[in-house]
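Accompanying notes for the structure given below.
Number of protein chains: 2
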Amino acid sequence: MKTDTVFKKAFNRTLDFIAQGEIEDPLPSENELRRRLGVSRTTIRKVLKELVCRDIVSTARSRAEERQIRPTDYFPDVETMSRNLHVEQQFMEWMLRGDTKPGTLINELDLARQFGVATSGIREFLIRFSRFGLLEKRPNSGWIFEGFTEDFALELFEIRVMFELRSARLFARQPDQSPLWAKLEALKRAHLDLLSEIEHRFHDFSSLDNRFHRLVNEASPNRFINDFYDIITFIFHYHYQWNKRDEKQRNHAALIEHLAYIDALLSHDPIGVELAATAHLSSAKETLMRSLVTMGRTDGSA
Amino acid sequence: MKTDTVFKKAFNRTLDFIAQGEIEDPLPSENELRRRLGVSRTTIRKVLKELVCRDIVSTARSRAEERQIRPTDYFPDVETMSRNLHVEQQFMEWMLRGDTKPGTLINELDLARQFGVATSGIREFLIRFSRFGLLEKRPNSGWIFEGFTEDFALELFEIRVMFELRSARLFARQPDQSPLWAKLEALKRAHLDLLSEIEHRFHDFSSLDNRFHRLVNEASPNRFINDFYDIITFIFHYHYQWNKRDEKQRNHAALIEHLAYIDALLSHDPIGVELAATAHLSSAKETLMRSLVTMGRTDGSA
DNA sequence: TGGCGAATTTTTATCCATAAAAAACAACTT
DNA sequence: AAGTTGTTTTTTATGGATAAAAATTCGCCA
Chain G
1 MKTDTVFKKA FNRTLDFIAQ GEIEDPLPSE NELRRRLGVS RTTIRKVLKE LVCRDIVSTA
61 RSRAEERQIR PTDYFPDVET MSRNLHVEQQ FMEWMLRGDT KPGTLINELD LARQFGVATS
121 GIREFLIRFS RFGLLEKRPN SGWIFEGFTE DFALELFEIR VMFELRSARL FARQPDQSPL
181 WAKLEALKRA HLDLLSEIEH RFHDFSSLDN RFHRLVNEAS PNRFINDFYD IITFIFHYHY
241 QWNKRDEKQR NHAALIEHLA YIDALLSHDP IGVELAATAH LSSAKETLMR SLVTMGRTDG
301 SA
Chain L
1 MKTDTVFKKA FNRTLDFIAQ GEIEDPLPSE NELRRRLGVS RTTIRKVLKE LVCRDIVSTA
61 RSRAEERQIR PTDYFPDVET MSRNLHVEQQ FMEWMLRGDT KPGTLINELD LARQFGVATS
121 GIREFLIRFS RFGLLEKRPN SGWIFEGFTE DFALELFEIR VMFELRSARL FARQPDQSPL
181 WAKLEALKRA HLDLLSEIEH RFHDFSSLDN RFHRLVNEAS PNRFINDFYD IITFIFHYHY
241 QWNKRDEKQR NHAALIEHLA YIDALLSHDP IGVELAATAH LSSAKETLMR SLVTMGRTDG
301 SA
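If you read the protein sequences in the order shown, they are chains G and L. To convert, note that position 9 of the first sequence is 9 in full-length UniProt numbering; the numbers rise steadily by one, no gaps. To convert, note that position 125 of the second sequence is 125 in full-length UniProt numbering; the numbers rise steadily by one, no gaps.
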């Protein structure tokens, strides 16, 4: 009953490795493969068996004399997605696309049927998701959706600003020998690279943004701040997936702000850091608030 | 398979109401009872049926001519505890009492057997509990217990101080007409009452503490701050349940600190508020840290 | 002895069944 | 019509079964 998505994903990755020559002729040991693919040896053996079955690898663990890898050898992507991820995506779609109103009751059974999973899957997801402050549980009854509202965004940003300023301040105060300075320099270069190719690579900003803010937190780790940043990441990930308006300009502007912020950090200038961080966060907030107002309207009006 | 703890708790509460004369002779309507007990009418009907069955109420819905309520009429407390609460208590006992070391792997099946529930119960609890920052999930493998360590306490208090100062500052800045001032006055009186009877009522401090800190947050609500305060409440609840050392002195000292803090708030004095809040929090932190060090030692040493 | 592959055991992920509780519906009374 | 109680339908809470994946154990050999 457990899905075999782990196996299928590992299998696809192995095909990739072979196709790209990263797995060479005498195949590495099971333990070596286990390390590379990050799954248990049990799964590796299943993958190897399947490779032999399909004549991609000979029984002697050698690639010699065997056939090319064809696109049809890969398992389709849907089959490599764990149930959790599937529920998450379906739920976010339901929540953000179908214009679900604040106060809507959530029905586990109904969602289970809609998403094609058992109720326990929905239930576990909702429990996990409830930490994001968008749901509330009524014991022995259902969940109530509190809405992705303006208030939510304001409260989120209030905390975000507190945390970010605190972390930035501490980052700037680090000793010169800290290895994080080098990481910051590297990140600055990545920003400059992206800036020079912003025309066609603007989608890559999101991951850079994440790396940057996480790096700022690294100087003075606090699990509660990190957990909070998970919320930010999650919300932004899905929110922007469905709000592509002005994506290039937005990312371009944010990139410039980041660079100012990074330079302020590099110069150990506390006032400058404060200003740059505040400026960046308030423009991020502006963007989110604006896109909240027009959310749900897919006709391009307003 | 679902437990009938809701029914049993409602039944016990009804007996209480009857015994205390809060439910009078012609019994109120089912709807009225539903409102009073906070359960569905289905459950109310089950309770009434049981009352008739046991000759506590006659079929005509009248108490007249029927027998007294005996202690044995009540369902035992264990049977009125939902599975969730049961798992929670067992788990906290396992974590705090059995000196579970940081890094310990958590085995769902094992805990399920130990606590006498199905694995899904453990699983849901762990997912819910993971928001407290003491657990981490390894997909397709178990959970890892990160330990109720000094670092944990330090990180917790760093955030707590940030949030508390922010809320206290905003509270002090409220307009004079705000209804919260009256609430604060009432709370001050409750503090003075408790102070005068501290000798035998010191256990009541905990709930007062909670009410006070939640009131401070009420002036400028933020769901993330509230959620964080849930963590504080939870941790303190269980932690102090097993660390009774110096409880009376501790609570007495905290009471005095609270009063200073309340007075600072009432006088709208921002500097005074800052000082009083900081003083109170750092002594709370001291207490927790000290009790952390001696935790696990039940022999009274050190 | 430490790494390898084979076989076995344990644990997690997932679905499903069912009792309890809630919610919705219906009929009745005043 | 609004409030009652009786009945039926839905939904949640909880246990249990089972396939997949992980972990462990066991010879084997360089």
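The beta-carbon is built from N, C-alpha and C at its ideal position, and this holds for glycine as well.
- Distance from the CA atom of L:L275 to the CA atom of G:A118, rounded to whole angstroms, is 54 Å.
- It is roughly 42 Å from the alpha-carbon of L:A254 to the alpha-carbon of L:I69.
- When DSSP states are grouped into helix, strand and coil, L:P76 belongs to the coil group.
- In this structure, DSSP gives G:E199 a helical state, which the three-state scheme calls helix.
- For L:V161, there are no neighbours in chain G by C-beta distance under 7 Å, as the nearest C-beta there is about 11 Å away.
- L:N12 and L:Y238 have their C-alpha atoms spaced approximately 26 Å apart.
- Note: G:K137 is bridge-paired with G:W143 in the DSSP secondary-structure output.
- The Cβ atoms of L:H258 and L:F212 sit closer than 9 Å to each other.
- Distance from L:L180 to L:Q174 at the Cβ level is roughly 6 Å; contact confirmed, criterion being Cβ atoms closer than 8 Å.
- Under a 10 Å Cβ-count criterion, G:N31 is classified as exposed, with fewer than 16 other Cβ atoms of the shown protein chains found around its own Cβ.
- Per the DSSP secondary-structure output, G:I106 pairs in a beta bridge with G:W143.
- Take the alpha-carbon of G:R138 and the one of G:I144: they are about 7 Å apart.
- If you draw a straight line from the Cα of G:N251 to the Cα of G:L156, it is about 21 Å long.
- For G:S167, the uninterrupted alpha helix (DSSP H) run begins and ends at E150 to A172, by DSSP.
- DSSP lists L:S62 as the bridge partner or partners of L:P26.
- When secondary structure is reduced to three states using DSSP, L:V117 falls in the coil class, being assigned neither helix nor strand.
- Under the criterion of beta carbons closer than 8 Å, L:E158 and G:N222 qualify as touching, at roughly 6 Å.
- By a beta-carbon distance limit of 8 Å, G:S82 does not contact G:D25. Their separation comes to about 33 Å.
- Non-local beta-carbon contacts of L:L288 in its own chain, meaning distances under 6 Å to residues more than five positions away in sequence, involve A153 in chain order.
- For L:R250, there are no neighbours in chain G by C-beta distance under 9 Å, as the nearest C-beta there is about 25 Å away.
- Residue state for L:V57 is assigned as coil, using DSSP reduced to three classes.
- Contact annotation: the region 101 to 112 of chain G touches the region 121 to 139 of chain G, with at least three C-beta pairs closer than 8 Å.
- Nearest Cα to G:V6 within the set G:A284, G:K46 and G:R160: G:K46.
- Listed in chain order, the positions of the region 203 to 226 of chain G with a beta carbon within less than 7 Å of a beta carbon of chain L are N222, R223 and F224.
- The beta carbon of G:E79 does not come within 9 Å of any beta carbon belonging to chain L, so the residue lies off that interface.
- Annotation: Cβ neighbours of G:E155 in chain L (cutoff 7 Å, chain order): N222, R223 and F224.
- Within chain G, no residue has its CB atom less than 7 Å from the CB of L:I144, the nearest being about 13 Å off.
- Here L:A182 is exposed. Its C-beta has fewer than 16 other C-beta atoms within 10 Å.
- Within chain G, no C-beta atom comes less than 9 Å from the C-beta of L:R169; the nearest is roughly 12 Å away.
- The CB of G:G133 comes closer than 8 Å to the CB of R223, F224 and D227 in chain L, given here in chain order.
- Counting C-beta atoms within 10 angstroms of its own C-beta, L:M1 has fewer than 16 neighbours from the protein chains shown and is therefore classed as exposed.
- Around G:N140, the beta-carbon contacts reaching into chain L at under 7 Å are V6.
- Cβ contact annotation for G:L292 (same chain, cutoff 7 Å, sequence separation greater than five): E150 and A153, in chain order.
- Between L:F236 and chain G, the shortest Cβ-Cβ separation is not below 9 Å.
- Judged by DSSP secondary structure, L:V293 falls within the alpha helix (DSSP H) whose first and last residues are P270 to V293.
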